[in-house]
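Sequential numbering from 2 applies to the sequence shown in our numbering. Where is the CB? At the ideal position from N, CA and C, for every residue including glycine. Here's the structure, in structure tokens; my notes come after.
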Amino acid sequence: MRVTHGCIRLRATDIETLFALTKVGTKVKIIDKKIKITHLNKDVFIEVSDYDKTLESIPNDEFNFQSKNKYLQDIIEYTKKYNLSIDWSLIKKEVKNSSGIPILVSTSNSN
């Protein structure tokens, strides 16, 4: 659910922490995408901030994805780069929920 254009949602304690750590004039980058994908320590996270009907046909595995969908391509690239498996059912669920909260969607294939 989109709140407003230009409004950033944070928990109260996170606002206080961010305010205390940030110097006046600090440059920031605001990412306004419905779906954000990132990795940290070889974990892949997805955040869906607004339901996107173009993703209704997310496949159950990485081999059947529709190549024209840029979001799915990003997920596949991360998977290959870090030797991970993606839980596609979690992605489907989060697309429908659009919670706006990053969730872990990967597991490592490393021994």
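Quiz item: What's the gap between the Cα of isoleucine 16 and the Cα of isoleucine 9?
Solution: The straight-line gap from Cα to Cα measures roughly 10 Å.
Practice problem: Would you list the one or two residues that DSSP bridges to threonine 108? | Solution: Residue pairing for threonine 108: DSSP places it in a beta bridge opposite Ser86.
Quiz prompt | Nonlocal neighbours in the same chain, by C-beta distance under 7 Å from lysine 94, ignoring five residues either side | solution = Nothing listed; no residue qualifies.
Exercise. Can you have a look at serine 111 and say buried or exposed, based on whether 16 or more other CB atoms are within 10 angstroms of its CB?
Key: It counts as exposed.
Quiz item: How should lysine 97 be labelled, buried or exposed, when 16 other C-beta atoms within 10 angstroms of its C-beta is the threshold for buried?
Solution: It is exposed - the Cβ of lysine 97 has fewer than 16 other Cβ atoms within 10 Å.
Practice problem: Give the secondary structure of aspartate 44 by DSSP, where H, G and I count as helix, E and B as strand, and everything else as coil. | Solution: The DSSP-derived three-state label of aspartate 44 is strand.
Exercise. Rank Lys28, Ile47, Leu11, Thr23 by C-alpha distance to the C-alpha of lysine 37 and give the top, closest one.
Key: Comparing Cα-Cα distances from lysine 37 to each of Lys28, Ile47, Leu11, Thr23, the minimum goes to Ile47.
Quiz item: Relative to the C-alpha of leucine 85, which residue among Leu91, Ile92, Thr108 is closest?
Solution: Checked all of Leu91, Ile92, Thr108; the closest Cα to leucine 85 is Thr108.
Quiz item: Just the Cα atoms here: how many angstroms apart are lysine 81 and threonine 14?
Solution: When rounded, the distance between both Cα atoms is 36 Å.
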